[in-house]
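Colleague: Counting from 246, one number per residue, gives the positions in the sequence shown under this note's numbering.
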Amino acid sequence: MNEMREILEKLVGELGISGSEQSVSDLIEKEMKGRVDELRKDKLGNLIARKGSGKPKVMLAAHMDEIGFRVKYIDKKGFLRFVKVGGIDDRTLLNQRVLIYGKQKVKGIIGAKPPHLQKEEDRKKVVECKDMFIDIGASSREEAEKAEVKIGDPIAFDRPFSILQGELAIGKAFDNRVGCAILMGVLKQFKGKEALHGVWTVQEEVGLKGARTAAYALDPDLAIALDTTTAGDTPEVEEGEATTEVGKGPAITVAEAGGRGLITDKRILNWLIESAKKAKVPYQLEAGEGGMTDSAAIYISKTGVPCGTISIPTRYIHGPGEVLSLKDVENAIKLISIALDNLDSLNITRS
Ligand SMILES: [Zn+2]
246 MNEMREILEK LVGELGISGS EQSVSDLIEK EMKGRVDELR KDKLGNLIAR KGSGKPKVML
306 AAHMDEIGFR VKYIDKKGFL RFVKVGGIDD RTLLNQRVLI YGKQKVKGII GAKPPHLQKE
366 EDRKKVVECK DMFIDIGASS REEAEKAEVK IGDPIAFDRP FSILQGELAI GKAFDNRVGC
426 AILMGVLKQF KGKEALHGVW TVQEEVGLKG ARTAAYALDP DLAIALDTTT AGDTPEVEEG
486 EATTEVGKGP AITVAEAGGR GLITDKRILN WLIESAKKAK VPYQLEAGEG GMTDSAAIYI
546 SKTGVPCGTI SIPTRYIHGP GEVLSLKDVE NAIKLISIAL DNLDSLNITR S
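1) At the level of alpha carbons, what is the spacing between I518 and G323?
2) What would DSSP say about V431, mapped onto helix, strand or coil?
3) Could you please go through the chain and list the residues whose beta-carbon is closer than 5 Å to any non-hydrogen atom of ligand 3?
4) Identify every run of the alpha helix (DSSP H) within the region 249-289, keeping only runs that are complete inside it and at least 4 residues long; order them along the chain.
5) Pick from S263, P465, V316: whose alpha carbon is nearest that of G290?
6) With G297 and G437 assumed to form a contact (beta carbons below 8 Å), what rounded beta-carbon distance in angstroms separates them?
7) Determine the direct distance from the alpha carbon of R512 to that of I355, and round the result to whole angstroms.
8) Quick check on H563: buried or exposed, where buried means 16 or more other Cβ atoms within 10 Å of its Cβ?
9) In whole angstroms, what is the alpha-carbon distance linking E490 and L362?
10) If I measure Cβ to Cβ from S556 and keep anything under 6 Å in the same chain, skipping five residues before and after, which residues do I get?
11) Can you grab the Cα-Cα spacing for the pair G503 / S546, in whole Å?
12) Is the separation between the beta-carbon of G353 and that of I333 shorter than 7 Å?
13) Relative to the alpha-carbon of I345, which residue among L588, L580, L260, E567 has its alpha-carbon at the smallest distance?
14) Which partner residues does F419 have in the DSSP bridge list?
15) Within this structure, are the beta carbons of E484 and H308 separated by less than 7 Å?
16) By the 10 Å Cβ neighbour count, where 16 or more other Cβ atoms means buried, how is Y461 classified, buried or exposed?
17) Name, in chain order, the residues that DSSP records as bridge partners for M377.
18) Taking the straight line between their C-alpha atoms, what separation do you get for A383 and E567?
19) Determine whether the beta carbon atoms of C552 and A468 lie at a separation below 7 Å.
20) Just verifying my parser: in three-state terms, what is the DSSP assignment at G353?
21) Taking the alpha-carbon of I319 as reference, which of L580, F402, I396 has the nearest alpha-carbon?
22) Which word fits N421, buried or exposed, when buried means at least 16 other C-beta atoms lie within 10 angstroms of its C-beta?
23) First and last residue of the beta strand (DSSP E) that includes Y346?
24) Suppose you measure from the CA of D271 to the CA of T488; what does that come to, to the nearest Å?
25) Using DSSP's beta-bridge definition, name the partner residues of R560.
26) When you compare only the Cα positions, how much space is there between K348 and D398?
27) Quick one: grab the DSSP three-state call for S298.
28) Can you say whether I578 is buried or exposed, counting buried as having 16 or more other CB atoms within 10 angstroms of its CB?
29) Rounded to the nearest angstrom, what separates Y528 and I415 at their Cα positions?
30) On the CB-based measure, 16 or more other CB atoms within 10 Å of its CB, does G455 come out buried or exposed?
31) Beta strand (DSSP E) containing K522: first to last residue?
32) I need the DSSP call for D403, collapsed to helix, strand or coil.
33) Between which residues of its own chain and W445 is the CB-CB distance below 7 Å, once the five residues before and five after are set aside?
34) Name the DSSP beta bridge partners of Y318, please?
35) Give the secondary structure of D334 by DSSP, where H, G and I count as helix, E and B as strand, and everything else as coil.
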């Protein structure tokens, strides 16, 4: 558990908004060097590790990118306007601390017109992102530029990793550094003869882009995406609205986004469920209506790839402080490792 906590803390400490995943990729590369048979990067920035060379060819994918922002404009008084990168609820933004990653890291806070100066009826409305700004303490555009902040610079939430009660962790970017950490854990343990390709993908949050090109190039016999999913175990969520709970085991996806995303191959689904039972790991089934994962792109690559997704139930997903259970993370590694040991039971043939 401690090792997982350490690596997760390191991973969320890095910047990795979509299109700016370099430092996350560098960290993973450093950790995995010498522990796999091959480690390389493709043209889009996906980091690809391989262990073993037999059949079948298995692809595990975890996206490195997190949601965030980019500098859109610096005004005369030195305040920054910004664009969102990925799906973000405006209500989570106000008064959050952020870091702008220019030549150096610059601290800032997201502000808006003070409520005391708003009309009664406006106070009840949600402040939209377009009416917010980032205050870095600069008093003019020139001063902001002196701090080497410029248009396009990536911005991420500034939120340290920490531990709550019950082995729950809180931090930014668990979506999807936790998937990255699981992939690292599985690859380190893997001793099979099959060709296991671990892909840390780029730009998932803005259209599943890295997974698409990586799957095309690898053309795997089967694939599993590792990600996070919305937990429905907090107050005000009606029973049945979101079915996974934090700490009750990794979620095995049956279908994503009402079937617009991945529809899990039946053989893969059974294999994962049987593996969870064999590993004596609790698991939860999920048929979601909302988001998609890298699987949605991988499974329709080329002539189609039998695919599944394993997710860690997470509260406050895409917010500045996401919450998940470290036990679920350990159990996900166990489940996938046992599944890979039992590839024989999975009858995947290709035409
Ligand atoms: Zn994700």
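C-beta atoms are modelled at their ideal positions from N, C-alpha and C, and glycine is treated no differently. Predicted model, so just to flag it, every value in this text is computed and none were measured.
Modeller: Considering the structure as presented:
1) Each residue's alpha carbon lies about 55 Å from the other.
2) The answer is helix: DSSP assigns V431 an H, G or I state.
3) With respect to ligand 3, the structure shown offers nothing to examine, as its ligands consist of ligand 1.
4) Runs of the alpha helix (DSSP H) inside the region 249-289: 267-277.
5) Cα-wise, what sits closest to G290 is S263.
6) Rounded, the Cβ-Cβ distance is 6 Å, consistent with contact.
7) Computed Cα separation, rounded: 47 Å.
8) Result: buried.
9) Approximately 41 Å between the Cα atoms of the pair.
10) Closer than 6 Å at the Cβ level, and outside the excluded window around S556, lie D472, T473, T474, A496.
11) Roughly 20 Å separates the two Cα atoms.
12) With respect to the 7 Å criterion, G353 and I333 are not classified as neighbours on the basis of their beta carbons.
13) Of the residues L588, L580, L260, E567, the one whose Cα lies closest to the Cα of I345 is L260.
14) Residue pairing by DSSP leaves F419 without any beta bridge partner.
15) Taking the C-beta atoms as reference points, H308 is found no nearer than 7 Å to E484.
16) So Y461 ends up on the exposed side.
17) BP columns for M377 are empty, so no partner.
18) Here the C-alpha atom of A383 lies approximately 30 Å from the C-alpha atom of E567.
19) Contact: yes.
20) In the displayed model, G353 falls within a strand according to three-state DSSP.
21) In terms of CA proximity to I319, I396 leads the group L580, F402, I396.
22) Taking every protein chain shown into account, the CB of N421 has 16 or more other CB atoms within 10 angstroms, so this residue is buried.
23) Following the DSSP letters along the chain, one finds Y346 inside the beta strand (DSSP E) bounded by residues 342-346.
24) Distance from the CA of D271 to the CA of T488, rounded to the nearest whole angstrom, comes to 36 Å.
25) Beta-bridge partners assigned by DSSP to R560: V568.
26) Spanning the two alpha carbons is a distance of roughly 9 Å.
27) Coil, per DSSP.
28) I578 counts as buried, since at least 16 other C-beta atoms from the protein chains shown sit within 10 angstroms of its C-beta.
29) So the alpha carbons of these two residues sit roughly 22 Å apart.
30) The residue is buried, with at least 16 neighbouring Cβ atoms inside 10 Å.
31) Taken as a continuous stretch (DSSP letters only), K522 belongs to no beta strand (DSSP E), being part of the alpha helix (DSSP H) at 511-523.
32) In this structure, D403 counts as coil in the three-state DSSP scheme.
33) Within the same chain, W445 has close Cβ partners S270, I273, N291, L292, A307, M309, C425, L428.
34) In the DSSP output, where bridge partners are listed per residue, Y318 has R326.
35) Coil.
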